[in-house]
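Step one of this worksheet: look at the structure below.
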Ligand SMILES: NC(=O)c1ccc[n+]([C@@H]2O[C@H](COP(=O)([O-])OP(=O)(O)OC[C@H]3O[C@@H](n4cnc5c(N)ncnc54)[C@H](O)[C@@H]3O)[C@@H](O)[C@H]2O)c1
């Protein structure tokens with residue numbers, strides 16, 4: 005029996021094989037969960053679902069731009085039609101382009117960043133929560149960042165959206181706790197994924213130095229934290245932000 009046996013989870017932004025969302029999708033599936041992968045990257049999203057099916061799991065890919073409520077509603081409908089309900093939502097997708105200081109950020113770039121990273125998490129939560137209420141249980145896991153806790157040079161819109169996600173998490177925890185729905189956030193530090201600097205990039209060295217463990221994290225290390233928040237072992241944890249940063253924010 006897996007820790008999340010017969011549960012149904014939606015994981016946004018799980019298309020990249022080297023990414024955090026994909027690691028969460030694979031781990032949840034190993035623990036018995038049916039998984040919907042919601043992403044704008046069709047080829048990558050299908051690849052994630054194929055990997056899950058080859059390992060004997062149940063998975064569905066839904067092309068979803070999380071900033072578009074029509075796409076989000078259809079993704080929820082398709083998940084319920086395929087798997088019968090929804091118990092876990094991982095808001096992992098984010099807009100990570102156009103990272104700039106405020107003066108260089110155009111209004112369009114600001115709007116797109118906030119629309120995907122913050123509004124997207126709101127829309128997915130808004131349309132999934134009624135299904136969780138129907139199921140009588142729910143866990144929402146919002147992937148923020150240490151950039152939601154401290155400032156990053158040149159990341160005005162991203163840090164604003166990631167800070168907003170922490171407040172959204174608390175609001176959801178307060179508003180739906182009585183319906184047995186928990187909402188928590190994870191703040192990863194530097195995790196080596198497809199979008200991360202490579203070892204020959206000076207930024208890579210800087211990231212190593214910023215952690216007290218002296219290394220970068222692996223997507224699986226975030227996935228195990230998400231698994232804890234998704235399952236019964238964390239049943240009294242809500243409104244929390246778990247920092248998974250190798251000690252980046254300790255000093
Ligand atoms: N890698 C890190 O060091 C790090 C650190 C802190 C936080 N995070 C957060 O972890 C999450 C995953 O990041 P990652 O490093 O695995 O990168 P990633 O590129 O693998 O994940 C982002 C995914 O979001 C998808 N996406 C982008 N816009 C979308 C949209 N409008 N609708 C649906 N999907 C969309 C992308 O296609 C991609 O699959 C992000 O929220 C990121 O901010 C990452």
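Numbering (the numbering used here), first residue to last: 5 to 255. Even for Gly, the Cβ is constructed at its ideal location relative to N, Cα and C. Predicted model, so just to flag it, every value in this text is computed and none were measured.
Sufficient close CB pairs (3 or more, under 8 Å) joining the segment 129–149 to the segment 189–207: Under the three-pair Cβ rule at 8 Å, the segment 129–149 counts as touching the segment 189–207.
Proximity of residue 30 and residue 234 at Cβ, strictly below 7 Å: no
Own chain, CB closer than 7 Å to residue 242, minus 5 neighbours either side, in chain order: 177, 181, 186, 187 and 188
Nonlocal neighbours in the same chain, by C-beta distance under 6 Å from residue 109, ignoring five residues either side: 160 and 161
Residue 69 beta carbon near ligand 1 (any heavy atom closer than 6 Å): Residue 69: yes, Cβ under 6 Å from ligand 1.
Sequence ranges, alpha helix (DSSP H) only - wholly within the segment 116–201, length at least 4: 124–139 and 160–180
Coarse secondary structure for residue 46, derived from DSSP in three states: helix
The segment 125–132 contacting the segment 43–59, beta-carbon criterion three pairs below 8 Å: no
Residue ranges of each alpha helix (DSSP H) within the segment 215–254, 4 or longer: 223–234
For residue 41, the nearest candidate out of 35, 223, 22 and 13 (CA to CA): 13
Identity of the residues DSSP links to residue 40 by a beta bridge: 14 and 64
Buried or exposed (CB count within 10 angstroms, at least 16 for buried), residue 92: buried
Three or more C-beta pairs below 8 Å linking the segment 222–229 and the segment 195–202: yes
Under the three-state DSSP convention, the category residue 107 falls into: helix
beta-carbon residue 20 near ligand 1 non-hydrogen atom, thresh 6 Å: yes
Beta-carbon separation (whole angstroms), residue 106 vs residue 120, contact threshold 8 Å: Wrong, their Cβ atoms sit about 18 Å apart, outside the cutoff.
Local Cβ density within 10 Å of residue 166, reported as buried at 16 or more and exposed below that: buried
Check: residue 102 C-beta below 6 Å from any heavy atom of ligand 1: Proximity of the beta carbon of residue 102 to ligand 1 is not indicated: no heavy atom of the ligand is located closer than 6 Å.
Residues of its chain near residue 219, where Cβ-Cβ distance is below 7 Å and the 5 sequence neighbours each way are ignored: 212 and 250
CA-to-CA distance, residue 66 to residue 73, given in whole angstroms: 14 Å
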